[in-house]
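Chemist: The sequence shown: position 186 = 188 (the working numbering), numbered continuously.
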Amino acid sequence: MVKKPEPPDPPILFDEVAGPLSDRVVDAFLTSVTGVNDVRSRRIRGAFARRLIASKHLSPIRSVEPIWTFGRWIENARRALSLSVVDLAAAIDVEPSAIERLERSDVLPWTLGADVLEGLVSLFRLHLTAVEQLFGSSHSVFRGQMGTTAIARSSLLDASARGDVTRRALDRFLAANSATSGQTAGSQEAIQALRRALESRGDGELI
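What follows is the structure, encoded as structure tokens:
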């Protein structure tokens, strides 16, 4: 039996000069991912997510509120666009579990690898100044979770009842009430690696 060729991906999702995403584009995307294989669905979802984020994040973001860790900021930006974790993971070609761990502040952002950081920073147009702020909050919150805050967290909240909303609220509280200067050798090294990567690709407006 001759295998039928797959229909081409919807060009409008990959057209960098196309206008803002419209209902027609969204409908075309949803139709395209119906009944196709996982590889093609992931590719189309990634293209769609990149187009959508690019249409909303046009200028570099130089400062952020002190309530955010890097992961929680990414989560908030993703949810504001009604994108799923799977969509964002496809956009930068990583596993969804990496995005989930980052958003929950279960890991320090600079431990996920240069490709993940560069993909997210470039996609959401985060200036290095904002990245440094978010890294500082991330370190403070993570350190708090590992120390006395983790003890209080466990004693006050039963693990089986602790929901995402509670975790988000607690992480925002910790970020807002922690010093944001908590940089480490690892975070500073990651910032320098990001700087070199952005310089290499000619993305100077994020530096």
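Note that beta-carbon positions come from the ideal geometry of N, C-alpha and C, so glycine has one too.
On a predicted model such as this, the values are computed, not experimentally measured, just so you know.
Output the distance between the C-alpha atoms of L159 and S140, rounded to the nearest integer angstrom.
Modeler: Note that L159 scores 46 on pLDDT, short of 50, meaning its location in the model is unreliable; the coordinates nonetheless yield the value given after this. Their Cα atoms are separated by approximately 21 Å.
Chemist: For Q135, which residues of its own chain have a beta-carbon under 8 Å away from its beta-carbon, when the five flanking residues on both sides are left out?
Modeler: Cβ within range, chain order: S65, V66, P68, T182.
Chemist: Please state whether DSSP places I209 in a helix, a strand or coil.
Modeler: Coil at I209, not helix or strand.
Chemist: Measuring CA to CA, which of Q194, F126, W112 is closest to K1?
Modeler: The structure shown does not extend to residue 1, since the chain spans only 3 to 209, so no value can be given for it.
Chemist: For A132, which three-state DSSP category applies?
Modeler: Helix.
Chemist: How many Å lie between L196 and G204 at the Cα?
Modeler: Spanning the two alpha carbons is a distance of roughly 12 Å.
Chemist: First and last residue of the alpha helix (DSSP H) that includes G204?
Modeler: That residue, G204, is in no alpha helix (DSSP H); it is neither H nor E in DSSP.
Chemist: With 16 other CB atoms within 10 Å as the buried threshold, where does E191 fall?
Modeler: E191 is exposed by the Cβ-count criterion.
Chemist: At 4 residues or longer, what runs of the alpha helix (DSSP H) sit wholly inside the segment 56-134?
Modeler: Those alpha helix (DSSP H) runs which fall completely within the segment 56-134 and span 4+ residues are 72-82, 87-94, 98-105, 116-125.
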